[in-house]
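Undergrad:
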Amino acid sequence: MSEYRLVRLGEQIRNEISSMILKQQIKDPRVSTFLNINRVEVSRDLSYAKVYVSSFMDDRKTQKGVKGLESAAGFIQSTLGKKLTIRQFPKLLFVLDHSISEGFAMVQKLKELEINGVQEDSGEKEE
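Here the working numbering is used: the first residue of the sequence shown is 9, the next is one more, and so on.
The following block contains the structure:
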C-alpha cells in the first residue's frame, strides 16, 4: 500500500478512536475523555497499527487509560472495521506517548535559558 494511503488510513483510525473516546462509547472506566490520540502508524502490510496515546493527566492515570484501551481493543477494532471499508483491519497496539510532556519540559528549559540569558545580559551592562 502506498505511503499516502497508509497515512490517510492512520488519520481515519485516529479520528474514529478519538470520536469513540469523546462520545464515551468505550465503557471501560479507565478510558477518560482526557485521553488524546496523537497519531496512528499503520504497517505496510496492514497487520497492525500503533496508536500513540497521551494525556494532560499524570503518567499513572494515562497508563491506566492505555490499559483500558488495550482491553477494549477488540470492541474498537470491530466497530472501526464496520465503519472503514478495508479488506483486513489492522490489529491495534496502544502505546503511551510522552511527546507532549517532553515538549512541555523542553519549553520550560528554553524559558529557563531565556531568563538566565536575560539576567546575564543585564548583569554585564551594569559592570
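Backbone N, C-alpha and C define an ideal beta-carbon position, used for all residues, glycine too.
1. DSSP state of Val-48, grouped into three classes?
2. I'd like the span of the alpha helix (DSSP H) that includes Leu-138, first residue to last.
3. Is Gly-76 buried or exposed, if buried means 16 or more other CB atoms sit within 10 Å of its CB?
4. Do you know offhand how far His-106's Cα is from Val-126's?
5. Assuming contact is defined by CB atoms lying nearer than 9 Å, are Glu-24 and Leu-92 in contact in what I supplied?
6. In chain order, what are the residue ranges of uninterrupted beta strand (DSSP E) at least 3 long that sit wholly in the segment 42-89?
7. Would you mind sorting Leu-43 into buried or exposed? The rule is 16 or more other CB atoms within 10 Å of its CB.
8. Where do the N-terminal and C-terminal ends of the beta strand (DSSP E) with Lys-99 fall, by residue?
9. Relative to the alpha-carbon of Ser-63, which residue among Val-74, Ala-57, Asp-53 and Leu-54 has its alpha-carbon at the smallest distance?
10. Starting from the C-beta of Lys-29, find all residues in its chain whose C-beta is less than 7 Å away, skip the five residues before and the five after it, and write them out in chain order.
TA: With the structure as the only source:
1. strand
2. The structure shown has nothing for residue 138, since the chain only spans 9 to 135.
3. buried
4. 30 Å
5. yes
6. 43-50 and 56-63
7. Leu-43 should be labelled buried.
8. 99-104
9. It is Val-74.
10. The amino acid occupying residue 29 in the given sequence is Ile; Lys does not appear at that position. Excluding sequence neighbours, Ile-29 sits near Val-39, Thr-41 and Leu-43.
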